[in-house]
Amino acid sequence: MSSAEEKRELQKRLDFIGLDQEARSTLRRLAPTINAGLSTALGALYKKIQSTPDTAKFFTNQAHVESAKKRQMSHWNVVGEAKYDERYVESVQAVGAAHAHAGLDPRWHIGGQALVVESLIHKVMTENWPSRFGRGKSEKLAKDVATLVKAAMLDLDYSISAYLEIQAEQRRHAEEAKLAADEEQEVALEALDDVLQGLAAGDLESRLSTALPENFVRMAEGYNGSAERLRGTLATVRHAGEEILVSTNGISQASKDLARRTEEQAQGLEESSATLHQLTHSVSGTAEGASKAAGAVDVALSEARASGPVVKQAVAAMGEIERSSDEISKIIGVIDEIAFQTNLLALNAGVEAARAGEAGRGFAVVAQEVRALAQRCADAAKEIKDLISDSSRQVQAGVDLVNNAGAALSQITTRIDDINTIVRTIATEAAHQSTGLHEVNGALSRMDSLTQENSAMVLETSKQTSDLRDAVERLVTALRGFKTRSAERLARDRQKRDEMPGRRLVA
């Protein structure tokens, strides 16, 4: 608004509210009273402001309060001068603008103005109240109070008008800014919609143009950076998914092979367990047989050792028989010698009987008989001697045989003792082997059980690996739907970035 327009507007308000030259003169006359009561009025006002939370928040400290009070004093001085010109308008509008910019609600300004006017009216009426002899002054006092109220209302009118104009200006600027922001937002949203449609189709290479309104440049840069990171991430994930798919295919095949080999191993282990179980039973039977054989050999050894004294007694008896045969041989020799001597005597008797002739014939007969008896004794002695000789040879052979049997029996006893030791050792080792085989059989049974469990686990792992491969394949299939640069192009782009001067300098 121009200066001339402001003057005309001010004059309209002055004319309407009735602040003419006479009223202005009244204000100038009341100026000392107003100034005298202003300090008290403003002190009470700001005390009220500081004690009210809704208004106290607009002041940071006491110095701020004193500064506001000082500006109010200065403005009321302008009001008291009653010079309603451009300076007054600027002053009162400055108050309204300050309140508007501070965000003070008009109700607090109106309330504060009412408190100040109340205090000033009280001051004017106290100093100018007519005595009972000056009743004619009451009309003058009413005019003074009315003039003061009019001045305060005009002041309030300008302050609130300025406040409302600033708010209207702010609303206008806000609407203009909103319209501009809406237009810029529409442009940015259209550009964003284009790239988002490409993104929804899997295109990660499209970028948001940075030739956008200034407020959306950072959004475009942020989106482009995010899209680039997403593209890099998905490209890496896709490449890793391809590698994982290859690996899971190999793992799946290896798991199947492992499951098959584990199943075959479990079957072989089960057969080995059955064979070892039979072998354990066989070795247990062998151990029992060896134990029984050891018992039998022990009995045979005892019996052989018991036969030793019998053989020794038989050898001793044969020796006695041999000695008896020798004694008989000696007796037979004596008999043979007696028969020989008897034969010689009979021969001599025959010779002597022959010499005697007829007288010795009977003696010759006796001698002949004696000779025949001696001959028979000699023959019998010879036969007995032959028999004794044969018996002696046979007894000697029997003694030799018995001696040989004793020696053989002694050797047999020794061999049986050795066999007993060996059989006992075999029985002990067989028992140890049986115990060990029982333990091995138990361990093999546990191993068979574990192998069966491992086989089941390998089958489950194979199934899970197959499921994982299917999931990775689905993931890779989904990632293949995104448009991204290949790994070779990524490597070239990365190499180009690394070869940039700035990048090389940073490195």
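Each residue of the sequence shown is one higher than the one before, starting from 10 at the first, in this note's numbering. Where is the CB? At the ideal position from N, CA and C, for every residue including glycine.
Identify whether Gly395 lies in helix, strand or coil by the three-state DSSP scheme. For the purposes of this step, residue 395 is identified with residue 386 of the sequence shown, where counting begins at 1. It should be noted that the sequence gives Asp, not Gly, for residue 395. The answer is helix: DSSP assigns Asp395 an H, G or I state.
Report all residues from its chain with a CB closer than 8 Å to the CB of Glu367; omit the five preceding and five following residues, and keep chain order. Here residue 367 corresponds to residue number 358 of the sequence shown, with the count starting at 1. Cβ neighbours of Glu367 within its own chain (closer than 8 Å, five residues either side excluded): none.
Just to confirm the assignment, what range does the alpha helix (DSSP H) spanning Pro62 have? Position 53 of the sequence shown, counting from 1, holds the residue named residue 62. That run of the alpha helix (DSSP H) goes 62–65.
With a CB to CB cut of under 7 Å and the five nearest residues on each side skipped, what residues in its chain are close to Ile393? The sequence position of residue 393 within the sequence shown is 384, counting from 1. Within its own chain, the residues whose Cβ lies closer than 7 Å to the Cβ of Ile393, once the five positions on either side in sequence are excluded, are Ile341, listed in chain order.
Taking buried to mean at least 16 other C-beta atoms within 10 Å of its own C-beta, is Ile435 buried or exposed? Residue 435 sits at position 426 when you count from the first residue of the sequence shown. Flag for Ile435 reads buried.
Do Leu157 and Leu129 count as a contact pair if the criterion is CB distance below 8 Å? Here residue 129 refers to the residue found at position 120 of the sequence shown. Here residue 157 refers to the residue found at position 148 of the sequence shown. Yes, the pair counts as a contact, with Cβ atoms nearer than the cut-off.
Measuring only the C-alpha atoms, how far is Lys391 from Ala414? Locating residue 391 in the sequence shown gives position 382, where the first residue counts as 1. Locating residue 414 in the sequence shown gives position 405, where the first residue counts as 1. Lys391 and Ala414 have their alpha carbons spaced roughly 33 Å apart.
Consult DSSP for Asp517 and reduce its assignment to one of helix, strand or coil. Because the chain spans 10 through 516 in this model, residue 517 falls outside it and cannot be assessed.
Sequence-distant residues of its chain with Cβ nearer than 7 Å to Leu514 (five each side left out): The residue given as residue 514 occupies position 505 in the sequence shown. Low confidence applies to Leu514: its pLDDT is 29, below 50, so where it sits in the model is not reliable, and the reading given next is rough at best. None.
Skipping 5 residues on each side, what residues in its chain have a beta carbon closer than 7 Å to that of Gly27? Within the sequence shown, the letter at position 18 stands for residue 27. Leaving aside the five residues that flank Gly27 on each side, the residues in its chain whose CB is nearer than 7 Å to its CB run, in chain order, Lys159.
Given 8 Å as the limit, is there contact between the region 303–310 and the region 444–452, that is, 3 or more CB pairs closer than that? Contact between the region 303–310 and the region 444–452 is absent, because fewer than three Cβ pairs lie under 8 Å.
For Asp202, does the three-state DSSP call read helix, strand or coil? For this step, residue 202 is matched to residue 193 along the sequence shown. Reduced to three states, the DSSP call for Asp202 is helix.
Alpha-carbon to alpha-carbon, Glu346 and Glu378: The residue given as residue 378 occupies position 369 in the sequence shown. The residue given as residue 346 occupies position 337 in the sequence shown. Straight-line Cα distance between these residues: approximately 18 Å.
In angstroms, rounded to a whole number, what distance separates the CA positions of Asp166 and Val104? Your numbering for residue 166 matches position 157 in the sequence shown. Your numbering for residue 104 matches position 95 in the sequence shown. Approximately 12 Å between the Cα atoms of the pair.
How would you write the range of the alpha helix (DSSP H) that Lys79 sits in, first residue to last? Counted from its first residue, the sequence shown places residue 79 at position 70. In the DSSP assignment, Lys79 falls within the alpha helix (DSSP H) that extends over 71–90.
Inter-residue Cα distance where the pair is Ala123 and Glu14: Stepping through the sequence shown from its first residue, residue 123 is reached at position 114. Stepping through the sequence shown from its first residue, residue 14 is reached at position 5. Rounded to whole angstroms, Ala123 and Glu14 show a C-alpha spacing of 29 Å.
Over what stretch of residues does the alpha helix (DSSP H) that includes Pro222 continue unbroken? Counting from one through the sequence shown, the residue named residue 222 turns up at place 213. No alpha helix (DSSP H) contains Pro222, which DSSP labels as neither H nor E.
Could you check how far apart the C-beta atoms of Thr422 and Ala313 are, in whole angstroms? I think they sit under 8 Å. Here residue 422 refers to the residue found at position 413 of the sequence shown. Here residue 313 refers to the residue found at position 304 of the sequence shown. Between Ala313 and Thr422 the Cβ distance is about 4 Å, and since that is below 8 Å, they are a contact.
First and last residue of the uninterrupted alpha helix (DSSP H) at Leu129: Sequence index remark: in the sequence shown, residue 129 carries index 120 (1-based). Taken as a continuous stretch (DSSP letters only), the alpha helix (DSSP H) holding Leu129 covers 115–137.
CA-to-CA distance, Ala236 to Gly250, given in whole angstroms: On the sequence shown, position 241 is the one that residue 250 refers to. On the sequence shown, position 227 is the one that residue 236 refers to. Their Cα atoms are separated by approximately 20 Å.
Continuous alpha helix (DSSP H) stretch holding Ala103: start and end: As a working mapping, residue 103 is identified with position 94 in the sequence shown. For Ala103, the uninterrupted alpha helix (DSSP H) segment begins and ends at 95–111.
For Phe349, name the three-state secondary structure that DSSP assigns. As a position in the sequence shown, residue 349 is number 340, starting the count at 1. Phe349: helix per DSSP, three-state reduction.
Three-state secondary structure assigned by DSSP to Leu459: As a working note, residue 459 is residue 450 in the sequence shown. Residue state for Leu459 is assigned as helix, using DSSP reduced to three classes.
For Leu477, three-class secondary structure by DSSP: Counted from its first residue, the sequence shown places residue 477 at position 468. Assigned with DSSP and collapsed to three states, Leu477 falls in helix.
What is the rounded straight-line gap between the Cα of Phe142 and the Cα of Glu18? The residue given as residue 142 occupies position 133 in the sequence shown. The residue given as residue 18 occupies position 9 in the sequence shown. Caution applies to Phe142, whose pLDDT of 46 falls short of 50 and renders its modelled position unreliable; the value that the coordinates give is listed next. Approximately 44 Å, taken between the alpha carbons.
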